[in-house]
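> Quick note, the sequence shown lines up with residues 0 to 284 if you use numbering that gives the first Met the number 0.
Just so you know, even glycine gets a beta-carbon here, dropped at the ideal spot from N, CA and C.
None of the values given here were measured: they were computed from a predicted structure.
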Amino acid sequence: MKPKLCVCGRSNKLPLCDNSHESEGWSCSAPTERTPLLIAASSRYLNLAKKLAFHYGGRALEPAESTAGSAERLLVLVDPTDLDELRRTIESLQADEIVAFVVGFDPTLVQPLFPSAELRFLDDSSPLAAFHSVRRQLEERQAPNERADWRWPSTFVSHAVADEGRLLGAVEYLRQHFCASLFVCSDSIAPGSAWQDEIVGALRAAERFVAVVSEASLRSHFCSFEGGMAQALEKPLRLLSLDGSRPPLFFAQLQCIDLRAIQQRRPWLSDDDVVVDALIRCCIE
0 MKPKLCVCGR SNKLPLCDNS HESEGWSCSA PTERTPLLIA ASSRYLNLAK KLAFHYGGRA
60 LEPAESTAGS AERLLVLVDP TDLDELRRTI ESLQADEIVA FVVGFDPTLV QPLFPSAELR
120 FLDDSSPLAA FHSVRRQLEE RQAPNERADW RWPSTFVSHA VADEGRLLGA VEYLRQHFCA
180 SLFVCSDSIA PGSAWQDEIV GALRAAERFV AVVSEASLRS HFCSFEGGMA QALEKPLRLL
240 SLDGSRPPLF FAQLQCIDLR AIQQRRPWLS DDDVVVDALI RCCIE
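So, in structure tokens, the structure goes:
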């Protein structure tokens, strides 16, 4: 019997019908299409998805495509900096097998988002290399990545007040999609609390410290205090530069991620995407 789409919205197996409404005297009658292979990708990797679909005789889904149905196999090209549309598309589908290729990052990063998927790494050095990598991994059926439990390390993000506008969109994105544990002074301190005590407590509890370097942060006594305390507490330190500014001398021995350099290498990324990319690398690598 072919699976059917639920049109009443009451099924426990959405988007498929479980006949839970038959007592009301009617039932879903339209059978859903079952496709051997569907490939979903964010906008940036849609051309790669279409090329793979042509090669394997499947169908590539457009980002945010309004669809419901099921497939024998679903391939997902996951760009962690561009998940909103992709998640909406995937949530409308069911598949016997899901293989998620995570572009440019450790696949365990998205394990909470795709708990039933086989997770694999995909190098984004070039579209041609990515195409051949997917083909090789599918056809050789390499052992999947270890599915060890993973969680986002609690991270203290030190930044200047003037840089909040550049950071908060990316911070909210990471919290929403990855349940990221990120402490930022602008929204992590309750009104009326002793803010300095809150900062000290958060620094002590943090598993990682990220210093956001900019012209404004270099002038900030608070950023210097937070950086000095993180060093004294021997926290793992990561640096990212918003505007090309060099780190302060007490961080001079540490490699710094430069957002401008990322944007030059990957010009298709928006300003928010670049910050998301850098924060992910600071927190998980």
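1) Touching or not, the stretch 44-51 and the stretch 76-85, by the rule of three or more beta carbon pairs under 8 Å?
2) Could you check what DSSP says for Trp25 in three-state terms: helix, strand or coil?
3) Once the 5 residues before and after Gly24 are set aside, which same chain residues still bring their CB inside 7 Å of it?
4) Mind checking who Ala59 pairs with in its DSSP beta bridge?
5) In whole angstroms, what separates the C-alpha of Gly227 from that of Phe208?
6) By how many angstroms is the C-alpha of Leu241 removed from the C-alpha of Glu214?
7) Buried or exposed for Trp194, going by 16 or more other Cβ atoms inside 10 Å?
8) Hey, Ser42 and Asp83 are a contact pair by Cβ (cut 8 Å); roughly how many whole angstroms apart?
9) Measure the CB-CB distance between Val101 and Leu121 and report whether it falls below 8 Å.
10) With distances taken Cα to Cα, identify the nearest neighbour of Arg280 among Ser115, Thr154, Gly57 and Val133.
11) To the nearest whole angstrom, what separates the beta carbons of Ala94 and Ser132, a pair I think is in contact under 8 Å?
12) Three-state secondary structure (DSSP) at Thr80?
Answer, in terms of the structure:
1) yes
2) Because Trp25 carries a pLDDT of 45, less than 50, the predicted location of this residue cannot be relied on, and no value is offered for it.
3) Legend: pLDDT at Gly24 = 45, less than 50; position of this residue unreliable, no value from coordinates given.
4) Ile38
5) 11 Å
6) 9 Å
7) exposed
8) That belief does not hold up - the Cβ atoms of Ser42 and Asp83 are roughly 11 Å apart, past 8 Å.
9) yes
10) Thr154
11) At roughly 21 Å, the Cβ-Cβ gap does not stay under 8 Å, so Ala94 and Ser132 are not in contact.
12) coil
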